[in-house]
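Numbers -18 to -1, 1 to 980, taken from mature numbering (1 follows the signal peptide of the UniProt record, and there is no 0), label the letters of the sequence shown in order. C-beta atoms are modelled at their ideal positions from N, C-alpha and C, and glycine is treated no differently. Below is one structure, written out as structure tokens, with a few remarks after it.
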Amino acid sequence: MWITFCLHLCCYVDSGEAQNAKEVILLDSKAQQTELEWISYPPNGWEEISGLDENYTPIRTYQVCQVMEPNQNNWLRTNWIEKGNAQRIFVELKFTLRDCNSLPGVVGTCKETFNLYYQETDSEVGRSLRENQYVKIDTIAADESFTQGDLGERKMKLNTEVRIIGPLSRRGFYLAFQDVGACIALVSVKVYYKKCWSIIENLATFPDTVTGSEFSSLVEVEGMCVSDAEEEADNSPKMHCSAEGEWLVPIGKCICKAGFHQKGDACEPCGRGFYKSSSQDLQCSRCPAHSFNDREGSWRCDCEDGYYRALSDPPSVACTRPPSAPQNLVYNINQTTVSLEWSPPADTGGRNDVTYRVICRRCSWEPEECVPCGPNVGYSPAQSGLVDTYVTIMDLLAHANYTFEVEAVNGVSDLSRTQRLFAAVSIATGQAAPSQVSEVIKEKVQQRSIQLSWQEPQQPNGVITEYEIKYYEKDQKDRIYSTVRSKSTSATVNNLKPSTAYVFQIRAFTEAGYGTYGPRLEITTKEEATAAIVSSEQNPVIIIAVVAVAGTIILVFMVFGFIIGRRYALAVKFPGTKTYIDPETYEDPNRAVHQFAKELDASCIKIERVIGAGEFGEVCSGRLKLPGKRDVSVAIKTLKVGYTEKQRRDFLCEASIMGQFDHPNVVHLEGVVTRGINTEMKALTVKPMLMRLNNSNRDHWSIFRKPVMIVIEYMENGSLDAFLRKHDGQFTVIQLVGMLRGIAAGMRYLSDMGYVHRDLAARNILVNSNLVCKVSDFGLSRVIDDDPEAVYTTTGGKIPVRWTAPEAIQYRKFTSASDVWSYGIVMWEVMSYGERPYWDMSNQDVIKAIEEGYRLPAPMDCPPGLHQLMLDCWQKDRAERPKFDQIVGILDKMIRNPNTLKTPVGTFLVLYSAEGTPELNFTAFCSVGEWLEAIKMERYRDNFTAAGYSSLESVARMSIEDVMSLGITLVGHQKKIMSSIQTMRAQMLHLHGTGVQV
């Protein structure tokens, strides 16, 4: 029986498979043609046999067939195998096995399995073999066995089994095979481990990498950029070596440096005449016009002689030169105001950023004696940076000689060493308007009239034909004023109120126009005469009667007032409470704007430059100079040319709203310009207007014919979202919280006035030079009633979906609670430095996600306390959202005690999954103990510590077998811990951007 088995095996052996390129062979018995000389114990057990495969190549095998005797224990041990860097070893066995049923007389002693063992050692241990030193790997059974009949038909049934050992920690190991009574032939033994072979991917070299110790582990490998390449910003190249020896999940990449481009897996220099300015560019580009280079690997091209590149110009821009002088300079003079116009230069130098600047010099009657005009001269729209080809110069001296130079400049004018090119004109001014009336005397003060006198201005600049006296009640703050005219230096103002303080200002008029108003003079009219007091000598009966009648009248008014008060109790505010009044309740919008906004004289406003465009027209910056006050910087909103009455009403509605607010965190309204302009302004603008040859220029000047402007305080840093994007990462958390506190304070003030903003967003918050944030843009704002359940329902129109509460989107209903939702979005914008809420999601996707419970995650480096406040603002039930006064209190605490920004364990550990369901945020945990405490499994803290699980990363790699090995026997606890580990693993993979599905 044994001879037959041997002959069968020696004559027919499987030829084997080609070696896998991912495998590193440690032992292959088929590759060794000499004797293997493995240890066999006892000596009459396993026997080494020589044979030939189908290619007649000698192979060595081991066989054993002691099936006739019971209690067999035959051991076979390999030589010592050094594992190198491997931790996870594969053992491939090829063997044949005789079916016990085909062997007569061996019932009870024959087996059809054998056992596989291993022993780890740091060196060879000699030829002794101790069974208790080996660890069992598995019991090996045959998928197919052969019989005596199979031998006759020469059919070979070869079995292949693969087992895995690991993780291994010592230098090497032995394999051992235990036979317990089977008839078996061990045809081949192959021992190997897997590795990822070195590759070049995304211009990064990844070295040979041995796979991890677990079947699901990914070994992260840092790549090294090839020559003349660099890592992409914040995106270093990485790949992951899988347990199967495959490279997976590439992250980041290298890119060729400036001056080099990619060719295959290498970076080559740009040729002569080509350049590549940035590593972000893909290919080299030919040098732009008027530039060159004569070397390889250039990142820019040099400009030819006479051509320049501005500091702000990218290397891809052609080199340019300064423009030529402006053409066809003409002027128009009106007393002390000069208007200049010119044509663009014939040669712009190849640039489209041509602007103009005006140089003014005042000259004596002697030639060549000129000095700069100084700061008292005004320019409209500006002295430099002019885009249009005209300018008006005002406030010149009367009867003086001036020279004006107009120069065209572009981005490279200051780099050029050539002589300046400009157009020039010399002009003599005429008569000027009179100076201020500064000395005013109150001659006589009565109950309803006041008599004034004054001195003629020190510089009348002509014959004064009339004086204008402007007066208004002090409490009106110049919003509503009246005028009286006088031919002489005195006048009496009548029809005044008794016991009332009035403010008076006077200005003079000549043929050159009105001068500016003089300083304010405050005078209070006398009290009204009281009725004669009844003397003590009069009849007491009359006194009693008078008192009785008066008491009756007072009682009737009190009863009537009580009835009226009961009727309108819900609609009337308590005395002293300032309440917002909707301008739309006024039949006459002009009355509303003059009720709440101060009327300004257009001559007090100097427009300097256009800084943007609004819904109704241009937005400019300029200066406001009110009499008796220093000039201040302001922003001017203008109504576009050709406006309709409805547009004018809507435009001024915002001023009627803003005029009711007075808070340091709400943009302040300086006033409005709604009335016709005075003679002085006409004199400055009519003649220059007639000089214009096209309709667009006439439209530009028509704003001075019928000016409609809203003047507000100037906020130097502009809108909050653009300001944050410009200064990304430059502020501390406390500074950002301070900005948020200012916005919340402004919204608290508006909410207390019964006012809903409806469009609260970072773009509608303005920032001044001191980083003070102020609420602005009241175009969508509406009022609410005293009833806390009252809302404003729109009839349509656009809604800023990303900032709007769900009830406002669905039902078009707005409350202060919906403003709180919007404030939460503003908080997210601030902490993310102006990032777009919900990123590139469509509006419909945003609405659906919010409805399903999704909320924006915390921005990078956002303290948990601030993100929790955002989540509170985004409560679906608007009654659960905090009020603005509560928000201000919370932020004040955070500013006073920054430690409150840090959240205690277990308070802010919830986030929302893609399906909108809440789950633990494992990135918030700092230790394994915190995690176990959060899932109520802290009883196993010592089990994890004793097993060496000291980090969440090691916990995330655990399997159910690992959990059971810790002594956790309750099935419910096992499932709870494994479910938490799977969620933890998914979050960690998502956080690192691997894209691996767990």
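Inter-residue distance for Leu9 and Leu75 is about 11 angstroms (C-alpha atoms, whole angstroms).
Phe486 sits close to Tyr453, with the two beta carbons spaced by under 8 angstroms. Note that the C-beta distance between Ser325 and Thr374 is not below 8 angstroms. Ala271 and Ala300 have their C-alpha atoms some 5 angstroms from each other. Of all alpha-carbon atoms in Ile832, Ser758, Asp710 and Ser824, the one lying nearest the alpha-carbon of Pro841 is that of Asp710. In the same chain as Met721, and ignoring 5 residues on each side of it, the C-beta atoms closer than 7 angstroms to its own belong to Leu753, Cys755 and Val812, in chain order. Taking the Cα positions, Arg277 is about 54 angstroms away from Arg344. In the three-state scheme derived from DSSP, where H, G and I count as helix and E and B as strand, Glu862 is classed as helix.
Between Arg152 and Glu102, the beta carbon gap of about 4 angstroms places them in contact (Cβ cut-off 8 angstroms). The bridge partners DSSP lists for Pro354 are Arg343. The way I'd put it, the stretch 428 to 437 doesn't touch the stretch 391 to 411; fewer than three beta-carbon pairs between them come closer than 8 angstroms.
Per DSSP, the beta bridge partners of Trp436 are Val422. In this structure, the straight-line span from the alpha carbon of Val828 to that of Pro819 is close to 10 angstroms. The count of Cβ pairs closer than 8 angstroms, one atom from the stretch 734 to 743 and one from the stretch 845 to 855, stays below three, leaving the stretches out of contact.
Under DSSP, Pro251 takes part in a beta bridge, and its partners are Phe242. Bridge partners of Met206 according to DSSP: Thr187. Tyr562 and His849 have their C-alpha atoms roughly 32 angstroms apart. Of the candidates Asp161, Ala167, Glu581 and Phe155, the residue whose Cα lies closest to the Cα of Asn141 is Ala167. In the same chain as Tyr116, and ignoring 5 residues on each side of it, the C-beta atoms closer than 6 angstroms to its own belong to Tyr99, Gln101 and Ala158, in chain order. Rounded to the nearest angstrom, the gap between the Cα atoms of Ala968 and Ser195 is 20 angstroms. According to the DSSP assignment, Val320 belongs to the beta strand (DSSP E) that extends over Thr319 to Ser325. Rounded to the nearest whole angstrom, the C-alpha separation of Asp370 and Thr337 is 8 angstroms.
Arg80 sits in a strand when the DSSP states are folded into three classes. DSSP places Thr43 in the strand class (E or B) of the three-state scheme. In this structure His243 is buried. Its beta-carbon is surrounded by 16 or more other beta-carbon atoms within 10 angstroms. Between Pro219 and Lys235, the CB-CB gap stays under 8 angstroms.
C-alpha of Ala248 to C-alpha of Arg109: approximately 54 angstroms in a straight line.
When C-alpha distances from Leu397 are compared across Ile315, Ser294 and Arg591, the shortest belongs to Ser294. A straight line joining the alpha-carbon of Glu698 with that of Gly205 spans about 47 angstroms.
The criterion of a C-beta distance shorter than 8 angstroms is satisfied by Pro52 and Thr91. Residue burial annotation: Arg591 is exposed, with fewer than 16 other C-beta atoms found within 10 angstroms of its C-beta. Trp229: member of the beta strand (DSSP E) spanning Trp229 to Ile233, first to last residue.
Between Glu425 and Ser435 the beta-carbon gap is near 5 angstroms, inside 8 angstroms, which marks them as a contact. With contacts defined as CB atoms closer than 8 angstroms, Leu378 and Val391 fail to qualify as a contacting pair. Counting C-beta atoms within 10 angstroms of its own C-beta, Ser638 has 16 or more neighbours from the protein chains shown and is therefore classed as buried. Within a 10 Å sphere around the beta-carbon of Gln712 sit fewer than 16 other beta-carbons, which makes this residue exposed.
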